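4 protein chains.
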Amino acid sequence: MTIKRIGVMTGGGDCPGLNPVIRAVVLAARARGWEVMGIEDATHGLVNLDYRSPRGNRLLDVGDVDDILQTGGTILGTSNKSDPWNFVVEKEGVKTTIDVSATAVENYHKLGLDALISIGGDGSMKIAQKFCDLGCKIVGVPKTIDQDVAATDTTFGFMTAVQCATDALDRLHDTAESHDRVMLLEVMGRDAGHIALHAAMAGDAHICLLPEIPYRIAPLVEKIKTRKANGKPYSIVVVAEGAHPHDGEASIEKKLGEMPKLFGAAQRLAVALEPHLDLDVRATILGHLQRGGSPVQFDRILGTRYGVGAVEAVEEGKFGQMVSLRNHQITTVSIKEAIEKQRLVDPQGQLVHAARSVGICFGDE
Amino acid sequence: MTIKRIGVMTGGGDCPGLNPVIRAVVLAARARGWEVMGIEDATHGLVNLDYRSPRGNRLLDVGDVDDILQTGGTILGTSNKSDPWNFVVEKEGVKTTIDVSATAVENYHKLGLDALISIGGDGSMKIAQKFCDLGCKIVGVPKTIDQDVAATDTTFGFMTAVQCATDALDRLHDTAESHDRVMLLEVMGRDAGHIALHAAMAGDAHICLLPEIPYRIAPLVEKIKTRKANGKPYSIVVVAEGAHPHDGEASIEKKLGEMPKLFGAAQRLAVALEPHLDLDVRATILGHLQRGGSPVQFDRILGTRYGVGAVEAVEEGKFGQMVSLRNHQITTVSIKEAIEKQRLVDPQGQLVHAARSVGICFGDE
Amino acid sequence: MTIKRIGVMTGGGDCPGLNPVIRAVVLAARARGWEVMGIEDATHGLVNLDYRSPRGNRLLDVGDVDDILQTGGTILGTSNKSDPWNFVVEKEGVKTTIDVSATAVENYHKLGLDALISIGGDGSMKIAQKFCDLGCKIVGVPKTIDQDVAATDTTFGFMTAVQCATDALDRLHDTAESHDRVMLLEVMGRDAGHIALHAAMAGDAHICLLPEIPYRIAPLVEKIKTRKANGKPYSIVVVAEGAHPHDGEASIEKKLGEMPKLFGAAQRLAVALEPHLDLDVRATILGHLQRGGSPVQFDRILGTRYGVGAVEAVEEGKFGQMVSLRNHQITTVSIKEAIEKQRLVDPQGQLVHAARSVGICFGDE
Amino acid sequence: MTIKRIGVMTGGGDCPGLNPVIRAVVLAARARGWEVMGIEDATHGLVNLDYRSPRGNRLLDVGDVDDILQTGGTILGTSNKSDPWNFVVEKEGVKTTIDVSATAVENYHKLGLDALISIGGDGSMKIAQKFCDLGCKIVGVPKTIDQDVAATDTTFGFMTAVQCATDALDRLHDTAESHDRVMLLEVMGRDAGHIALHAAMAGDAHICLLPEIPYRIAPLVEKIKTRKANGKPYSIVVVAEGAHPHDGEASIEKKLGEMPKLFGAAQRLAVALEPHLDLDVRATILGHLQRGGSPVQFDRILGTRYGVGAVEAVEEGKFGQMVSLRNHQITTVSIKEAIEKQRLVDPQGQLVHAARSVGICFGDE
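As you go down the protein sequences, you meet chains A, B, C and D in turn.
Here my numbering is used: position 64 in the first sequence is 64, and no number is missing along the way.
Counting from 1 along the second sequence, just add 365 to a position and that's the residue number in my numbering.
Counting from 1 along the third sequence, just add 730 to a position and that's the residue number in my numbering.
Counting from 1 along the fourth sequence, just add 1095 to a position and that's the residue number in my numbering.
What follows is the structure in structure tokens.
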């Protein structure tokens, strides 16, 4: 088939490396003489062709992607509330969800797209698969700052987020040592603790709490007290968003449960820990700082490779496929297969083992 | 008088630049043949000569301050709970405060100190003055990350903290623009909003809320809505810890008052703002990240100049004086005078005026 | 008088902070309802209205200065070969200079400018003064990365350049210590050594060579050898571009003179030093890296204040004046006065004295 | 066998990540109750047990590796002039090389080493193999900032060096665009161009010259001129140290040959390019800046994993083996095999292909 025009859109939470993908898609597609239609704010621009927030869909040329390689965010905007099969509409103050997928598919054709490159996470890939089933020609590009997509060795944004968390830990070391404090840093990772594990290893943390390894209070207290007894009256703790106490720790669970819901994992743990220690405990939440910032070199290159790979997949008619990095080479996997399996931290794996070998405590023993 | 041995200690919250001061004190004093006794954890080492957390008082030589110029924190440790006139002691779980100043003065002499350089903030300077009144020979070095000591043009740590907040704002821009969000960043500044004001100007914030300028909700909402109407459906708001609504905003005040006390200024404002907007509002608290980190070049140099200046003040017998930067030159002022006057942001001053001129909204009009 | 349209241009070498000035000029002027004409590549756009490299003169609106606060360089382009009184033209391969000032003045009027804000260094200010003398209404903004304009306390770009050099010194420390080497870092500063002096103090250099303090080889060798004897078999040397040996060192001068002209101060010194030492000597030239990069917060704020100040000076009819920072306040001085006096490092000043006090050797004793 | 004491040493050029390896070796070995003897300055400490520069061999305990995870350089010192089989000695000003390998082996036993972990590059591994052949028990850890050891997927230091070069390119973009210049950046890579290729892709370079792809002048000139014709009157060129013109370019080769030998690849190319262009051409040499600096998070983690892996290899008696990263898992390969094959950039490989797809010119077509 002959490609004349492709679309490109970004979905889900933003993540450093999206702009490098968009740039590479535009450069590689324009070099083939294709037109590239940028879709605004994930599927919002597809559901509603008049959508403007702020700019709406537009053709992208080489000049539009100049100077975006080194930038965070996405020039196309993104959204995590735009599933066409469960589209939120508000009428007289009441929110309901409706199915606007038929309109989205119609608009795909109205826009004259021969194919659509969808950059996004798990949710976006599920939507992409549904579009494929309705005859749209989709190539996926995986995006997950948490690195929890098993179908690819790694994803862009992850290295930048770990670097951001590592830099924060370097800073917390100074003040923890000066004030004899226990410093908790909460990082992203609701289901998968990869960012927390890597940041703890790179940032010289003494304790690391992951969703995959439920913790007990006693080993944490012992680790901190042993450090103090050895002339280190301070400790650094990395806490993944999704870290939680072991089932056996029912009383803690209850105590944590009584705290305001807006409190995250680190703030709750701080409250639980402090009575057991004669050291101040302080929580810092890294939050959205992890999503922004100029991508580190690795993420710029990986984004570029993904973008080039996606254009080549379109050229070769590999629709319903997602680009993927396997053993340092770009390849493709079926989107269907890709959305089936999440990558979690393996508590028995080599990385956790290495972390334990340099003394990091996971609160499980 | 002949100086044979001086002491040096750091008090109050830590702040990038303390180690450069300590280093310069040691280098300049050793070059004069003086001994330098480092006092551990502010006055803790003075109140109790057996204090070890982790190391206790110790003589510092040139080799001990190698490689600390570029480090955050303080190699001497610090504390903001060590006022000898209100010293906290715990007996059978009950905390009381007692006056141990006589012991501290006795220990000053036991340590053989001919003078003591006390690096610290407002609280530390008040204590320093009391020690002077009891015959100890003290030279002060001002430390306030908030830059709120009027007796010196600026202090170390401030530039590093503003840079840290500016870097955070650069990151938040990416994600705010990608997601059409209102991003609130809470920075230090309980009484004085200098960090917030500088960070807002350097980090391209659209709204800046300071302790010195009580805000109203209406102008904030209008600013954000106007931006959205002009094709900018996102806004960045810098909130000083001590920012608070105008007295007239009683209903907001009440609503904020109902929120958990652990919520800071930014989280409370987020809750208050969101009902007025059709944009997501997210709060990030920079917290202790602002205190750590390698000092920027300016703070390394200023710390060095303060340290050299303090040693020269000791040499010249200027006790009861504090070093100070005035019009780019190091000079001294009396500690008595220095603790009298706080520097606040001047709402009519040139800096606020310049900020308004580039469109920053302070919520007051 | 009523202002309808102003021009703005940047001249001389680029420097971090130019874009913040341009942004503030545009925001403050547009808020007054004025039009702002950006002139391309210094006076090139004024000499030739058809000049396009790459874009040519253009009206700047608020949207054009979005997202430039944090960027290095200048969106208007710049040049240091565009003096209208000595304008270089090439005819059949032969370069000659002609006087095109009359054309430039004519174009100033053709563009409908009521005033022109000229951002630039010494050379640009001299040209600005000549334009004033011919009836153009000019307000100057000082730009010198070397901080060598005496008429203002400091200039934007300087802090960013010193930070860049300090970061480089932090890096060189690692490799110098690992390999027992003498590492020379050449930084900007042909006439004025401010960058070198500040970087040496912030970057823990052991030797600092400035244009203002001619050096001798013997004290350098002694410093390096004494360090080695004291268990520090490595040294870090900061060399300003314009550093040169003392007149008495005739033989060295001669030896240096025989080296290729393209060799800078650091490479030449490396060749001269190595025979005297049993350590490897390596030179690194920071070069253009010092001019680029995102401006540090201070330079973003100072640029903003200058831009606002320049617009206010136009409003108040202060033509022939240059904005200036005096004791932390923006004010104005006459351009005539400003171009008369260069600020050099004072060898007897407080900063050199503090540097000596922490052991930095200037090669003069 | 029972291990009681192991040695550890670092050889060859320094590289960010060495300290993380040393730290992990010490932590993992001490946890097993082993002693760890740090050998100073590569084999210098082995050849001469009285060697002190500055400290000499010493037992390393947990406290000695505190706070070194985030540091560049190596606390053990290193050297690339210490091959015991060709050991340089100086007698009355004359340098000769002698074989001191027997002494080194004797000292290995005198130090009571049960095994020795040798961290180093190609040269160090060849020496390690020779020690193995003489009965010493060696485990190797690969170190090459150039990533040119084929026996492991990647090595620490490489990511930090590429990030350093990328940051430099980001800076050069600013000044190149402002001044309409061609900016050349010379990066490390005498035989293998991995750093240059990655930096060019991450740093938005327009031209990339590698040792593996000889260049011609004509395509470079055309690329730069086409960019100018398209409104981009500036270009960024990354030049690996070992980049060289194509054999056919004999006249250029000759012209380059006439330049001083101290001129590197970039300076020579600048001289060759300038006559063909009407743009200024400037060269920057990144040099030793690439070797220093705090390791990025990836290199800290990889170093830690290598260190733990090396201790485990010792425990398992895998002598004559080198740790290696294969498909994200730490494993071992025989040192013999490892030193046989260098990894070069594959001109037909996926990465060069992706770089071409986004418009990077390699000067070969």
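Even glycine gets a Cβ: it sits at the ideal position worked out from N, Cα and C.
Quantities reported herein were computed from a predicted structural model and do not represent experimental measurements.
ask   = Does any residue of chain B bring its CB to less than 7 Å from the CB of P233 (chain A)?
value = Flagged as an interface residue toward chain B: P233 (chain A), by a C-beta distance shorter than 7 Å.
request  = Take H909 (chain C) as the anchor and find which of C:G994, C:I1015, C:S965 and C:G870 has the nearest alpha-carbon.
outcome  = Minimum Cα-Cα distance from H909 (chain C) among the listed residues C:G994, C:I1015, C:S965 and C:G870 corresponds to C:S965.
inquiry  = Using C-beta distances below 6 Å, list every residue in its chain close to R1400 (chain D), excluding the 5 sequence neighbours before and after it, in chain order.
reply    = Counting only Cβ-Cβ distances below 6 Å, and skipping sequence neighbours, we find I1425.
query = Listed from N- to C-terminal order along the chain, which residues in the segment 1033–1064 of chain C have their beta-carbon within a distance smaller than 7 Å of any beta-carbon of chain B?
reply = Of all residues in the segment 1033–1064 of chain C, T1034, R1035, V1038, N1057, H1058, Q1059 and I1060 have a Cβ within less than 7 Å of some Cβ in chain B.
key: CA nearest to the CA of A396 (chain B), picked from B:G607, B:Y580, B:V673 and B:S699   = Nearest C-alpha to A396 (chain B): B:V673.
Those runs of the beta strand (DSSP E) which lie wholly inside the segment 573–651 of chain B and span at least 3 residues = Fully enclosed beta strand (DSSP E) runs of 3 or longer: 600–605 and 645–650.
request  = Classify T1109 (chain D) as buried or exposed, calling it buried when 16 or more other Cβ atoms lie within 10 Å of its own Cβ.
outcome  = The residue you asked about is not Thr; residue 1109 (chain D) is Asp in the sequence shown. With 16 or more other Cβ atoms from the protein chains shown falling within 10 Å of its own Cβ, D1109 (chain D) counts as buried.
message = Can you list, in chain order, the residues of its chain with a C-beta nearer than 7 Å to that of V527 (chain B)? Leave out the 5 residues immediately preceding and following it.
response = Hits under 7 Å: I560, H563, A564 and A567.
query = In whole angstroms, what is the alpha-carbon distance linking I857 (chain C) and D780 (chain C)?
reply = So the two alpha carbons sit approximately 21 Å from each other.
task = Give me the Cα-Cα distance between V792 (chain C) and L634 (chain B), rounded to the nearest whole angstrom.
result = Computed Cα separation, rounded: 29 Å.
Neighbourhood of T1249 (chain D) by C-beta distance below 8 Å, restricted to the same chain and skipping five residues each side = Q1242, L1397 and L1420.
request  = Can you grab the Cα-Cα spacing for the pair G763 (chain C) / E1045 (chain C), in whole Å?
outcome  = So the alpha carbons of these two residues sit roughly 12 Å apart.
query = Under a Cβ-count criterion, where at least 16 other Cβ atoms within 10 Å of its own Cβ denotes burial, should A1324 (chain D) be classed as buried or exposed?
reply = Exposed, because fewer than 16 other Cβ atoms sit within 10 Å of the Cβ of A1324 (chain D).
Inter-stretch contact at 8 Å, needing at least 3 Cβ pairs: the segment 268–283 of chain A / the segment 217–226 of chain A = Proximity of the segment 268–283 of chain A to the segment 217–226 of chain A meets the contact definition, three or more beta-carbon pairs being nearer than 8 Å.
request  = Figure out for me which residue from C:N778, C:G1089, C:P1025 and C:R785 has the closest Cα to the Cα of D1269 (chain D).
outcome  = Of the listed residues, the one whose Cα sits closest to D1269 (chain D) is C:P1025.
task = Return the Cβ separation of G403 (chain B) and L441 (chain B) in integer angstroms, given the expectation that the two are a contact with Cβ distance under 8 Å.
result = Here G403 (chain B) really is in contact with L441 (chain B); their C-beta atoms are around 5 Å apart, less than 8 Å.
key: Whole-angstrom C-beta distance between A28 (chain A) and V311 (chain A), which should lie under 8 Å   = Right, the Cβ-Cβ distance comes to about 4 Å (below 8 Å), so this counts as a contact.
request  = Flag S447 (chain B) as yes if its beta-carbon sits less than 7 Å from any beta-carbon of chain A, otherwise no.
outcome  = So, not an interface residue.
task = Taking R957 (chain C) as the reference, give the member of C:I937, C:H976, C:V969 and C:I736 with the closest Cα.
result = Comparing Cα positions, the closest option is C:I937.
inquiry  = For a contact defined as C-beta to C-beta under 7 Å, what are the partners of T896 (chain C) on chain B?
reply    = Under the 7 Å cutoff, chain B gives Q662.
key: Neighbouring residues, chain B, relative to M183 (chain A) (Cβ below 8 Å)   = Near M183 (chain A) (Cβ distances below 8 Å), the residues of chain B are H653.
Reduced DSSP secondary structure (H/G/I, E/B, other) of M1220 (chain D) = In this structure, DSSP gives M1220 (chain D) a helical state, which the three-state scheme calls helix.
inquiry  = Any beta carbon from chain D within less than 7 Å of G741 (chain C)'s own beta carbon?
reply    = No, G741 (chain C) does not count as interfacial toward chain D.
task = Taking only the alpha-carbon atoms, compute the straight-line gap between E274 (chain A) and T284 (chain A) and give it to the nearest angstrom.
result = Put simply, the backbone Cα of E274 (chain A) is about 15 Å away from that of T284 (chain A).
Three-state class that DSSP yields for L1074 (chain C) in the structure shown = In the three-state DSSP reduction, L1074 (chain C) falls in the coil class, being neither helix nor strand.
request  = Give the secondary structure of F1049 (chain C) by DSSP, where H, G and I count as helix, E and B as strand, and everything else as coil.
outcome  = Residue state, collapsed to three classes: coil.
ask   = In chain order, what residues of the segment 1441–1460 of chain D put their CB closer than 7 Å to some CB of chain A?
value = So the close ones are Q1445, A1449, S1452, V1453 and G1454.
ask   = Which residue spans inside the segment 62–124 of chain A form an unbroken beta strand (DSSP E) run of at least 3?
value = The DSSP assignment places 87–91, 94–98 and 115–120 as complete runs of the beta strand (DSSP E) inside the segment 62–124 of chain A, in order along the chain (cut-off: 3 residues).
query = Any chance the CB of A895 (chain C) is under 6 Å from a heavy atom of the ligand SAM?
reply = Of ligands this structure carries none, so the ligand SAM is not represented either.
ask   = Quick one: which chain C residues come within Cβ less than 9 Å of H1268 (chain D)?
value = Within chain C, the residues near H1268 (chain D) are G802, G803 and G1022.
task = Compile a chain-ordered list of the residues in the segment 837–858 of chain C whose CB is closer than 8 Å to at least one CB of chain B.
result = So nothing in the stretch comes that close.
task = Pull out every residue of the segment 921–941 of chain C whose Cβ sits closer than 8 Å to any Cβ of chain B, in chain order.
result = Residues passing the 8 Å Cβ filter: H928, A929, M931, A932, G933 and D934.
task = Compare the C-beta of G442 (chain B) with all C-beta atoms of chain A and state if any pair is closer than 7 Å.
result = Taking CB atoms only, G442 (chain B) has a neighbour in chain A less than 7 Å away.
key: Close beta carbons around G803 (chain C), own chain, < 6 Å, minus the five adjacent residues each side   = The answer, listed in chain order, is D744.
inquiry  = Looking only at its chain, what residues have a beta carbon closer than 8 Å to the beta carbon of D352 (chain B), apart from the 5 residues adjacent to it on each side?
reply    = Only positions 366 to 730 of chain B appear in the structure, and residue 352 (chain B) is not among them; the question remains open.
inquiry  = What residue range does the beta strand (DSSP E) around T1255 (chain D) cover?
reply    = Premise fails: T1255 (chain D) lies in the alpha helix (DSSP H), F1253 to H1274, not in any beta strand (DSSP E).
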